[in-house]
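Chemist: Line order of the protein sequences matches chains X and S.
Note that the working numbering gives residue 195 to position 195 of the first sequence, counting from 1, and the numbers run on in steps of one.
Note that the working numbering gives residue 1062 to position 62 of the second sequence, counting from 1, and the numbers run on in steps of one.
All C-beta atoms in this analysis are idealised placements derived from N, C-alpha and C, irrespective of residue type, glycine included.
Supplied in structure tokens, the structure appears directly below.
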Amino acid sequence: MNVGALAAFNLIVRRELCLSFRRPDQLLQPLVFFLIVTTLFPLGLSLQLSLLRDMSPGVLWVAALLSSVLSLDALFKSDADDGTLEQLALCGQGLTLIVVAKTLAHWLVSGAALVVFSPLVGTALGIPPSAFGTMMLSLGLGTLTLSWLGAIGAGLTVGARRGNVLLSLIVLPLAMPLLIFGAGATDRAISGTDAVGPLYFLAALCVFACTLAPFAATAALRITLE
Amino acid sequence: MNTVADGLSVDGVHVWRGDRHVLKGVSLRVAPRQLLHISGPNGTGKTTLLRVVCGLLRPEQGQVSWRGKSISSIRPEYQAALAYASHEPALKADLTALENLRFAVGLKRRVEMDQLRASLEQTGVAGCADLPARVLSAGQRRRVAMARVLAMGATLWLLDEPFTNLDTAGAELMSDLLRAHIEGGGAALVTAHHTLQIGAESHRLDLGP
Chain X
1 MNVGALAAFN
11 LIVRRELCLS
21 FRRPDQLLQP
31 LVFFLIVTTL
41 FPLGLSLQLS
51 LLRDMSPGVL
61 WVAALLSSVL
71 SLDALFKSDA
81 DDGTLEQLAL
91 CGQGLTLIVV
101 AKTLAHWLVS
111 GAALVVFSPL
121 VGTALGIPPS
131 AFGTMMLSLG
141 LGTLTLSWLG
151 AIGAGLTVGA
161 RRGNVLLSLI
171 VLPLAMPLLI
181 FGAGATDRAI
191 SGTDAVGPLY
201 FLAALCVFAC
211 TLAPFAATAA
221 LRITLE
Chain S
1001 MNTVADGLSV
1011 DGVHVWRGDR
1021 HVLKGVSLRV
1031 APRQLLHISG
1041 PNGTGKTTLL
1051 RVVCGLLRPE
1061 QGQVSWRGKS
1071 ISSIRPEYQA
1081 ALAYASHEPA
1091 LKADLTALEN
1101 LRFAVGLKRR
1111 VEMDQLRASL
1121 EQTGVAGCAD
1131 LPARVLSAGQ
1141 RRRVAMARVL
1151 AMGATLWLLD
1161 EPFTNLDTAG
1171 AELMSDLLRA
1181 HIEGGGAALV
1191 TAHHTLQIGA
1201 ESHRLDLGP
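Quick look at the structure:
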């Protein structure tokens, strides 16, 4: 009996989560990077609290982008290296479904984990708790969009040697709007003004990425599979 | 050219890899209850041909058909009917043999754990079911990969060098499994360096220069 798309989607997400938790070092690496980079700033600017508070949205967002990009390289590469990507491509479920499931699972263990730990980082950077809601929402939308951009980049660079450098070069320029609107939203929340404008932009970018990026990433992956 | 109504047919397939003309107009037919042994020295395009037949690689020229229809027009149906075992065993090192089978076969068809364990037993690696693939020997991995092919319950087997890393008993087991598959109405395309002694209807295609 054939397997439905939803059951297949669940199975791939479970596979990815299972694989991530079997390798805690790889799972924690981006998160630890995020925590360390952001806590280094307060140590360096300890006497200038007001300066730190002004810089905190930018610091938070740059660290979040860099740590997300760090984990993107493994999205398709490990499967391509051991031959399981070919098996996935031939499983009869369509490559787009596999790309969507793998990308969402990747976001769950990278982006969503970052969102969960962001209040801790926010406290270290002197962000008031009243701004945590907006900060977490903007990070959630931003990292999800970034995972999609990353899926396209990872699909294109899967066959390349030293693909991770190339991947950063492809993804980071595209992530600039995320940085601008994400840091903007957090900055407004800190100063107590309405952050809805930049959040709408982030949400629009996220919807745009969620609807179009799966097809672009599938096409990129199909090219490299050949 | 006629196509095989209930089997696989490949017509005039040309593949270039950069400047290299790897496959120069290869044509073949595999009907049910038939095995096609693809032989030839290294670098003559055996793996490339198998990847073309799978649909992983699109040929620059020529066509691959399954039951009379081009495989690109019936991709899901075709993929459900085939089981491909590449040169690498394609196992995740961090997952156990059984989990590897569950995630690979589970995407193709609904399958119970008992069935997966049974296919591991058939290939003689039941004892490795709960060991991570990382600790298995190359031969054991090959057997687990073969168990995956068995568990998929596919009509068409596409096996790339299935005898690599197998000991004498493993090679015999592999031949037995192939014979049983062919006699049970299946079809198989196998690349191998040495001569195959399957004892079922088998043909040979030499890709030599």
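Short check: CB of arginine 53/X to CB of leucine 139/X, under 9 Å?
Modeler: Indexing the first sequence from 1 puts residue 53/X at position 53. Indexing the first sequence from 1 puts residue 139/X at position 139. Not closer than 9 Å, so no.
Chemist: So alanine 183/X and glycine 58/X are in contact, right, with Cβ under 8 Å, and what is the actual spacing, rounded?
Modeler: As a first step, residue 183/X must be located in the first sequence, where it is residue number 183. As a first step, residue 58/X must be located in the first sequence, where it is residue number 58. Yes, they are in contact, since the Cβ atoms of alanine 183/X and glycine 58/X sit about 5 Å apart, within 8 Å.
Chemist: Going by the C-beta, is isoleucine 1074/S closer than 8 Å to any heavy atom of the ligand ZN?
Modeler: For the ligand ZN, the structure offers nothing, since it holds no ligand at all.
Chemist: Counting along the chain, where does the beta strand (DSSP E) carrying valine 1030/S start and finish?
Modeler: Walking along the second sequence from the start, residue 1030/S turns up at place 30. Looking at the DSSP string, the run of the beta strand (DSSP E) that includes valine 1030/S is 1020-1030.
Chemist: Determine the closest residue to alanine 151/X out of Pro129/X, Ala217/X, Leu199/X, with distance taken between C-alpha atoms.
Modeler: The residue you call residue 151/X lines up with position 151 of the first sequence. Nearest option by C-alpha distance: Ala217/X.
Chemist: Based on the DSSP secondary-structure assignment, which residues constitute the bridge partners of alanine 1188/S?
Modeler: Within the second sequence, the letter at position 188 stands for residue 1188/S. According to DSSP, alanine 1188/S bridges with Leu1035/S, Trp1157/S.
Chemist: Between which residues of its own chain and asparagine 1002/S is the CB-CB distance below 6 Å, once the five residues before and five after are set aside?
Modeler: Position 2 of the second sequence, counted from the first residue, corresponds to residue 1002/S. Residue placement at asparagine 1002/S is flagged as unreliable, the pLDDT there being 45, under the threshold of 50; a coordinate-derived value is accordingly withheld.
Chemist: How big is the Cα-Cα spacing for glycine 44/X and valine 37/X?
Modeler: Walking along the first sequence from the start, residue 44/X turns up at place 44. Walking along the first sequence from the start, residue 37/X turns up at place 37. Approximately 11 Å between the Cα atoms of the pair.
Chemist: Helix, strand or coil for glycine 83/X per DSSP?
Modeler: Numbered from 1 along the first sequence, position 83 holds the residue referred to as residue 83/X. Glycine 83/X sits in coil when the DSSP states are folded into three classes, being neither helix nor strand.
Chemist: Whose Cβ in chain S lies nearer than 9 Å to the Cβ of valine 13/X?
Modeler: In the first sequence, counting from the first residue as 1, residue 13/X sits at position 13. Correct list: empty, because the minimum Cβ distance to chain S is about 11 Å.
Chemist: Between the beta-carbon of threonine 1191/S and the beta-carbon of leucine 1082/S, is there less than 9 Å?
Modeler: Position 191 of the second sequence holds residue 1191/S. Position 82 of the second sequence holds residue 1082/S. No, they are not a contact pair.
Chemist: Starting from the beta carbon of leucine 90/X, find every residue of chain S whose beta carbon is closer than 8 Å, and list them in chain order.
Modeler: Here residue 90/X corresponds to residue number 90 of the first sequence, with the count starting at 1. Residues of chain S passing the Cβ test: Cys1054, Gly1055, Leu1056, Gln1079, Leu1082, Tyr1084.
Chemist: Within its chain, find whatever has a CB closer than 6 Å to the CB of proline 198/X; leave out the 5 residues flanking it on each side and keep chain order.
Modeler: Along the first sequence, one-based indexing puts residue 198/X at 198. For proline 198/X, where only same-chain residues beyond five positions count, the Cβ hits under 6 Å are Phe181, Gly184, Ala185.
Chemist: Here's the rule I'm using: 16 or more other beta-carbon atoms within 10 Å means buried, otherwise exposed. How should lysine 1046/S be labelled?
Modeler: By 1-based counting over the second sequence, the position of residue 1046/S is 46. It counts as buried.
Chemist: Give, in chain order, every residue of the stretch 1089-1103 of chain S whose Cβ lies closer than 9 Å to some Cβ of chain X.
Modeler: Pro1089, Ala1090, Leu1091, Lys1092, Ala1093, Asp1094, Leu1095, Glu1099, Asn1100, Arg1102, Phe1103
Chemist: Determine whether the Cβ of glutamine 87/X lies closer than 9 Å to any Cβ atom of chain S.
Modeler: Start at 1 with the first residue of the first sequence, and residue 87/X comes out as number 87. Yes, contact with chain S.
Chemist: Where does serine 1065/S sit, in a helix, a strand or coil, going by DSSP?
Modeler: For the purposes of this step, residue 1065/S is taken as the residue at position 65 of the second sequence. If DSSP states are grouped into helix, strand and coil, serine 1065/S belongs with the strands.
Chemist: Going by the DSSP bridge assignment, what does asparagine 2/X pair with across the sheet?
Modeler: Here residue 2/X is taken as the residue at index 2 of the first sequence, counted from 1. Arg1109/S.
Chemist: Just to confirm before moving on: does the CB-CB distance between leucine 149/X and leucine 174/X stay below 9 Å?
Modeler: Here residue 149/X corresponds to residue number 149 of the first sequence, with the count starting at 1. Here residue 174/X corresponds to residue number 174 of the first sequence, with the count starting at 1. Yes, the pair counts as a contact, with Cβ atoms nearer than the cut-off.
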